[in-house]
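**Student:**
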Amino acid sequence: MIKICALASGSNGNCYYIGNEDEAIIIDAGISRRKILERMKSRGLNPAKVKAGFITHEHQDHYRGARVFGQKQGIPFYISEQTLNRSFYTMRPPHIETFTPGDKIQLGSITVHSFLKKHDAAEPCSFRVEIGNYNIGVFTDIGEPCDNVKSHLSLCDFLFLESNYDEALLATGRYPAYLKVRVAGENGHLSNVQAAELIENHAAEKLKTIFLSHISEDNNRADIALSAFEHLNNKYDIRLTSRYDATELFCLEDETIQLPL
Ligand SMILES: [Zn+2]
Ligand SMILES: [Zn+2]
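According to my numbering, the stretch in the sequence shown is residues 1 to 261, in order.
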């Protein structure tokens with residue numbers, strides 16, 4: 001059985017769990033270890049299965065829990081060299097494995113494909129996780145979709161996809177002008193419309209479920225994000241993530257064929 005869950009998603013913190021019966025990884029650790037453990041427990045997930053963490057970029061909503069989680073759980077965090085150099089020393093976990101974007105990292109039966117994307121960070125990455133017969137994408141914090149995002153998306157069966165803001169709410173909202181420009185810029189975040197267009201134009205036929213992720217508290221609403229994807233409802237299972245709680249645990253039958261000995 002493969003289990004996936006967004007433990008937290010949004011500008012207060014991001015943490016995504018992907019695992020099977022034996023092992024798991026987390027992508028980003030932007031909430032405290034206490035919250036990660038609480039939310040895992042609430043979904044029946046065993047923290048001892050988590051073998052490593054992966055950091056997408058140095059923004060605190062993706063990184064701030066990594067030091068304590070890495071230290072107390074005794075697991076490594078995979079962080080790209082430039083992300084590591086740019087990050088606060090106090091956020092760094094004790095055991096770090098560096099990687100170069102584009103690297104494929106094998107952890108037991110889990111393969112993690114890393115790639116560069118456009119975002120206002122030192123070396124922003126996203127990950128596509130191959131587990132059993134499935135490819136699961138965790139694609140948040142994307143200013144505009146580059147070829148890397150499109151090509152990895154075209155391999156995904158399940159997807160956590162940023163649907164950050166609604167253009168009208170951002171334009172009329174309380175953010176200062178410079179921040180509005182940053183959010184909507186090529187190194188900011190994906191709007192609901194951009195995210196839906198990305199799916200329409202580049203998703204694989206086999207894509208089944210999209211978890212709308214990193215939904216802005218100020219510049220978006222769940223119902224508006226869902227309505228941007230309404231025309232895709234008949235094709236995909238579209239779900240929401242939350243900044244305040246974990247999503248329901250999403251379980252997939254592992255169809256990996258066991259060859260007879
Ligand atoms: Zn973020
Ligand atoms: Zn960011």
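Ideal Cβ placement from N, Cα and C applies to all residues, glycine included.
Keep in mind it's a predicted model, so treat the numbers as computed, not measured.
Note down, in chain order, each residue of its chain lying with its Cβ closer than 6 Å to the Cβ of A246, except the 5 sequence neighbours on either side.
**Tutor:** By one-based count along the sequence shown, residue 246 stands at place 246. Sequence-distant partners of A246 (beyond 5 residues in either direction) whose C-beta falls short of 6 Å from its own C-beta, in its chain, are C5, L7, R39 and R43.
**Student:** Taking all protein chains shown into account, decide if D22 is buried (16 or more other Cβ within 10 angstroms of its Cβ) or exposed.
**Tutor:** The residue given as residue 22 occupies position 22 in the sequence shown. With fewer than 16 Cβ atoms within 10 Å of its Cβ, D22 is classed as exposed.
**Student:** Any chance the region 48-56 sits against the region 167-187, with 3 or more Cβ pairs inside 8 Å?
**Tutor:** no
**Student:** How big is the Cα-Cα spacing for S216 and S11?
**Tutor:** Against the sequence shown, residue 216 aligns to sequence position 216. Against the sequence shown, residue 11 aligns to sequence position 11. Their Cα atoms are separated by approximately 7 Å.
**Student:** Out of E200, F211 and C125, state which residue places its alpha-carbon closest to the alpha-carbon of L159.
**Tutor:** Stepping through the sequence shown from its first residue, residue 159 is reached at position 159. Put simply, of E200, F211 and C125 the residue whose alpha carbon is nearest the alpha carbon of L159 is F211.
**Student:** Let me confirm a value: F139 is counted as buried when at least 16 other C-beta atoms fall within 10 Å, else exposed. Which label applies?
**Tutor:** Against the sequence shown, residue 139 aligns to sequence position 139. The residue is buried, with at least 16 neighbouring Cβ atoms inside 10 Å.
**Student:** With respect to 7 Å, is the separation between the Cβ of D141 and the closest non-hydrogen atom of ligand 2 below this value?
**Tutor:** Numbered from its first residue, the sequence shown carries residue 141 at position 141. Yes, the Cβ of D141 comes within 7 Å of a heavy atom of ligand 2.
**Student:** So, D343 versus T209, is the Cβ gap smaller than 8 Å?
**Tutor:** With the chain covering only 1 through 261, there is no way to say anything about residue 343.
**Student:** From K41, L45 and A66, pick the residue whose C-alpha is nearest to that of N14; which is it?
**Tutor:** As a working mapping, residue 14 is identified with position 14 in the sequence shown. Selected option, being the one with the closest Cα: A66.
**Student:** Which residue marks the beginning of the alpha helix (DSSP H) containing D22, and which one marks its end?
**Tutor:** By one-based count along the sequence shown, residue 22 stands at place 22. Run containing D22: none; DSSP gives neither H nor E here.
**Student:** Enumerate in chain order the residues of its own chain whose CB-to-CB distance from N46 is below 8 Å, with the five nearest sequence positions on each side excluded.
**Tutor:** By 1-based counting over the sequence shown, the position of residue 46 is 46. M40, listed in sequence order.
**Student:** Measuring from the CB of A121, is there a heavy atom of ligand 2 at a distance below 7 Å?
**Tutor:** Here residue 121 refers to the residue found at position 121 of the sequence shown. Answer for A121: yes, Cβ within range of ligand 2.
**Student:** Which one of T83, T90, D28 and E81 has the shortest CA to CA distance from Y63?
**Tutor:** The sequence position of residue 63 within the sequence shown is 63, counting from 1. When only C-alpha atoms are compared, the closest one is D28.
**Student:** Would you mind reading off the limits of the alpha helix (DSSP H) that contains I224?
**Tutor:** The residue you call residue 224 lines up with position 224 of the sequence shown. The continuous alpha helix (DSSP H) containing I224 extends over residues A222 to A228.
**Student:** Would you mind reading off the limits of the alpha helix (DSSP H) that contains N85?
**Tutor:** The residue labelled residue 85 in the question sits at position 85 within the sequence shown. Start and end: E81 to R86.
**Student:** Please identify the residue among H57, F77 and P93 whose C-alpha is closest to the C-alpha of I26.
**Tutor:** Counting from 1 along the sequence shown, the entry for residue 26 is found at position 26. Of the listed residues, the one whose Cα sits closest to I26 is F77.
**Student:** At a cut-off of 7 Å, would you count N46 as near ligand 1, judging by its Cβ distance to the nearest heavy atom?
**Tutor:** What you label residue 46 is simply residue 46 of the sequence shown in a count that begins at 1. Closer than 7 Å to some heavy atom of ligand 1: that does not describe the Cβ of N46.
**Student:** Measure the alpha-carbon distance for H57 versus I79 and round it to whole angstroms.
**Tutor:** Residue mapping note: residue 57 aligns to position 57 of the sequence shown, counting from 1. Residue mapping note: residue 79 aligns to position 79 of the sequence shown, counting from 1. For H57 and I79, the distance between alpha carbons rounds to 8 Å.
**Student:** In chain order, which continuous runs of the beta strand (DSSP E) of length 3 or greater are located wholly inside the region 104-158?
**Tutor:** Listed in chain order, the beta strand (DSSP E) elements of length 3 or more contained wholly in the region 104-158 are 104-107, 110-116, 125-131 and 134-139.
**Student:** Would you check whether ligand 2 has a heavy atom nearer than 7 Å to the C-beta of H95?
**Tutor:** Within the sequence shown, residue 95 is the residue found at index 95, counting from 1. H95 Cβ: outside cutoff for every heavy atom of ligand 2.
**Student:** Between which two residues does the alpha helix (DSSP H) carrying I36 extend?
**Tutor:** Here residue 36 corresponds to residue number 36 of the sequence shown, with the count starting at 1. R33 to S42 is the span of the alpha helix (DSSP H), which, as asked, contains I36.
**Student:** For ligand 1, I want to know if D157 counts as a neighbour, meaning its beta carbon is within less than 7 Å of at least one of the ligand's heavy atoms.
**Tutor:** On the sequence shown, residue 157 is found 157 positions in, with the first residue counted as 1. No; taking the cut-off as 7 Å, the Cβ of D157 has no heavy atom of ligand 1 nearer than that.
**Student:** Here's a check: name, in chain order, each residue in its chain whose Cβ is nearer than 7 Å to the Cβ of A204, leaving out the five neighbours to either side.
**Tutor:** Here residue 204 refers to the residue found at position 204 of the sequence shown. Only S154, L155 and C156 meet the Cβ criterion.
**Student:** Just grab the DSSP bridge partners of G53 for me.
**Tutor:** Translated into positions along the sequence shown, residue 53 becomes position 53. Its beta-bridge partners are I26 and F77.
**Student:** Taking the C-alpha atoms as reference points, what is the distance between R128 and L107?
**Tutor:** Indexing the sequence shown from 1 puts residue 128 at position 128. Indexing the sequence shown from 1 puts residue 107 at position 107. Going from the Cα of R128 to the Cα of L107 covers about 13 Å.
**Student:** Comparing alpha-carbon positions, which option in S87, L84, M91 and I18 lies nearest R33?
**Tutor:** Counting from one through the sequence shown, the residue named residue 33 turns up at place 33. Answer by Cα proximity: M91.
**Student:** Along the chain, where does the beta strand (DSSP E) that runs through E97 open and close?
**Tutor:** In the sequence shown, the residue the question calls residue 97 occupies position 97. Unbroken beta strand (DSSP E) run through E97: I96 to F99.
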